[in-house]
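**Q** Take a look at the following structure, please.
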Amino acid sequence: TAPPEYAPARLRFAALVRTRERVVTAAEAVIAVRAFEPRIRDVTVTPVTAIAGGMARQGQMVRATVSASDFADSEAEIPRLEAQLARHLQERAVLGFDIDVRVVTGA
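Going by the working numbering, the first residue of the sequence shown is number 1125, and it counts up by one from there.
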């Protein structure tokens, strides 16, 4: 009998290793955002492609909606939350994948 096909299994394994504990899909981004900050009421993730240095770069635009009344000092806390969330998501992104985060106030 012929030996089993290892190439497809090797490719699947390589993909798993590359994306282990990484935010890749929109659904994973939503889960990561909601787990990071429970005061976030809504999350929208939009795929984006940008040209930088003559090369196309893929990424996501993450828009998180919060209520200003959930914060003691929303003018100071929301920008800090945005920066911390952006850092949190970018640390979990696949190499070369950009995540742009906006935290906005809504009803």
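Ideal Cβ positions, reconstructed from N, Cα and C, are used throughout, including at glycine.
Locate the beta strand (DSSP E) running through residue 1169, then write down its first and last residues.
**A** One-based indexing of the sequence shown puts residue 1169 at position 45. Residue 1169: member of the beta strand (DSSP E) spanning 1166 to 1176, first to last residue.
**Q** When the Cα atoms are used, what is the spatial distance from residue 1175 to residue 1183?
**A** Walking along the sequence shown from the start, residue 1175 turns up at place 51. Walking along the sequence shown from the start, residue 1183 turns up at place 59. For residue 1175 and residue 1183, the distance between alpha carbons rounds to 11 Å.
**Q** Quick test of your reading: residue 1189 and residue 1147, contact by CB under 8 Å. State the CB separation rounded to the nearest angstrom.
**A** Residue 1189 sits at position 65 when you count from the first residue of the sequence shown. Residue 1147 sits at position 23 when you count from the first residue of the sequence shown. In fact, because the Cβ distance is near 19 Å, the residues do not count as touching under 8 Å.
**Q** In chain order, what residues of the same chain lie with their CB nearer than 6 Å to the CB of residue 1187, ignoring the 5 residues before and after it?
**A** Stepping through the sequence shown from its first residue, residue 1187 is reached at position 63. 1168, 1226, listed in sequence order.
**Q** So residue 1158 packs on residue 1191, CB below 8 Å; how close in whole Å?
**A** Walking along the sequence shown from the start, residue 1158 turns up at place 34. Walking along the sequence shown from the start, residue 1191 turns up at place 67. Their Cβ separation, rounded to whole angstroms, is 15 Å, which puts residue 1158 and residue 1191 out of contact at 8 Å.
**Q** Quick one: Cα of residue 1145 to Cα of residue 1216, how far?
**A** As a working note, residue 1145 is residue 21 in the sequence shown. As a working note, residue 1216 is residue 92 in the sequence shown. Roughly 7 Å separates the two Cα atoms.
**Q** Is it right to say residue 1213 is buried, meaning 16 or more other beta carbons lie within 10 angstroms of its own, or is it exposed?
**A** Locating residue 1213 in the sequence shown gives position 89, where the first residue counts as 1. So residue 1213 counts as buried.
**Q** State the start and end residues of the unbroken beta strand (DSSP E) segment that holds residue 1228.
**A** Position 104 of the sequence shown, counted from the start, is the residue given in the question as residue 1228. Counting along the chain, the beta strand (DSSP E) containing residue 1228 begins and ends at 1222 to 1229.
**Q** Between the alpha carbons of residue 1150 and residue 1210, how many angstroms are there, rounded?
**A** Along the sequence shown, one-based indexing puts residue 1150 at 26. Along the sequence shown, one-based indexing puts residue 1210 at 86. Computed Cα separation, rounded: 15 Å.
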